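Residues in the sequence shown are numbered consecutively from 53, following this note's numbering.
Every residue gets a Cβ at the ideal spot worked out from N, C-alpha and C, and that includes glycine.
Note that the structure is predicted; figures quoted are calculated from it, not measured.
Everything below concerns the one structure shown next.
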Amino acid sequence: MARYTGPKARRWRRIGATPSDGTLTAVQRRNYPPGQHGLRRGAKLSEYGTQLQEKQKAKYTYGLLERQFRRYYREAEKQSGMTGENLMKKLELRLDNVVYRLGLAATRAQARQAVTHGHVKVNGKKLDIPSAATKTDDQISLSDTFKKALETHREEHKETTNDTDVPSWLKLDSKALTGQVRSEPARSDIGAAVNEQLIVEFYSR
Numbered sequence: 053m054a055r056y057t058g059p060k061a062r063r064w065r066r067i068g069a070t071p072s073d074g075t076l077t078a079v080q081r082r083n084y085p086p087g088q089h090g091l092r093r094g095a096k097l098s099e100y101g102t103q104l105q106e107k108q109k110a111k112y113t114y115g116l117l118e119r120q121f122r123r124y125y126r127e128a129e130k131q132s133g134m135t136g137e138n139l140m141k142k143l144e145l146r147l148d149n150v151v152y153r154l155g156l157a158a159t160r161a162q163a164r165q166a167v168t169h170g171h172v173k174v175n176g177k178k179l180d181i182p183s184a185a186t187k188t189d190d191q192i193s194l195s196d197t198f199k200k201a202l203e204t205h206r207e208e209h210k211e212t213t214n215d216t217d218v219p220s221w222l223k224l225d226s227k228a229l230t231g232q233v234r235s236e237p238a239r240s241d242i243g244a245a246v247n248e249q250l251i252v253e254f255y256s257r
């Protein structure tokens with residue numbers, strides 16, 4: 053399973069954006085490009101540069117490498133409808149993202165780890181592939197070990213996840229710590245601050 057293991061804050065600073073999950077506060081403290089001359093860089097981005105930044109933002113948000121992201125784009129392109137929206141829906145329906153959006157993990161990275169370690173079940177069966185595509189009516193549950201750790205963490209930090217915090221296309225049982233995919237997400241339900249049309253323009257060059 054390939055994933056990026058380098059400095060995360062540095063690459064977010066390079067594209068001038070902040071993670072949507074509120075992590076990496078270093079990006080907020082130093083909101084300028086990395087490197088010795090970061091503060092001096094003020095050149096206006098070209099059209100290509102703007103498109104590239106938007107593509108990178110989507111990649112970093114969902115924790116994907118270029119090859120993985122390009123594959124999602126090609127699949128979205130073959131579907132009927134708007135390619136950009138198809139792409140965002142595919143990314144949102146990834147199992148690791150669904151676990152994160154249900155509030156069963158603090159970040160997408162933690163959700164990805166929970167899946168790869170076998171702590172997530174789909175329709176009662178263990179599924180350890182973070183990129184697995186969930187579908188309508190899928191039931192999401194956690195292993196007893198992970199559920200206990202999650203409950204302990206929330207108790208220690210006084211954290212709760214209410215059903216109202218979860219997007220409308222998902223359903224959470226906050227007491228049982230289980231979830232359900234109610235439907236495919238509408239574009240308005242997707243919280244990622246990404247302009248997918250710029251991504252389409254980038255790959256259409």
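How about K141 and P237: are their beta carbons less than 7 angstroms apart? yes
Rounded to a whole number of angstroms, what is the C-alpha to C-alpha distance between L154 and R257? 36 angstroms
My output table needs one value for G170: the three-state DSSP class, helix, strand or coil. coil
Mapping DSSP to helix, strand and coil, what is I242? coil
Taking DSSP as the reference, what is the three-state secondary structure of I251? helix
Suppose you measure from the CA of R234 to the CA of K227; what does that come to, to the nearest Å? 18 angstroms
Start-to-end residues for the alpha helix (DSSP H) that takes in G101: E99 to Y114
Cα separation between D189 and N175? 9 angstroms
For T188, the three-state DSSP class (helix, strand or coil): coil
Going by DSSP in three states, V218 sits in which element: helix, strand or coil? coil
Closest Cβ-Cβ distance between Q120 and chain E: below 7 angstroms? The displayed structure is made up of one protein chain only, and chain E is not part of it.
If you measure between the beta carbons of D196 and W221, is that distance less than 7 angstroms? no
If we require 4 or more residues per run, which alpha helix (DSSP H) segments fall completely within the region 112–168? 118–130, 135–144, 147–153 and 160–168
Buried versus exposed call for H209 [16 or more other C-beta atoms within 10 Å across all chains shown]: exposed
Whose C-alpha, out of L194, L156, V246 and M134, is nearest the C-alpha of Y114? V246
Got a sec? Which residues, its chain only, sit under 6 angstroms from K183 by beta carbon, not counting five neighbours each side? Note on identity: in this sequence residue 183 is Ser, with Lys being the wrong assignment. Cβ within range, chain order: R146.
Assuming L156 contacts L229 under a Cβ cut-off of 8 angstroms, what Cβ separation, rounded to an integer in Å, is found between them? 6 angstroms
Output the distance between the C-alpha atoms of V27 and H205, rounded to the nearest integer angstrom. This structure leaves residue 27 out entirely; the chain is present only between 53 and 257.
Is the CB-CB distance between E248 and G170 below 7 angstroms? no
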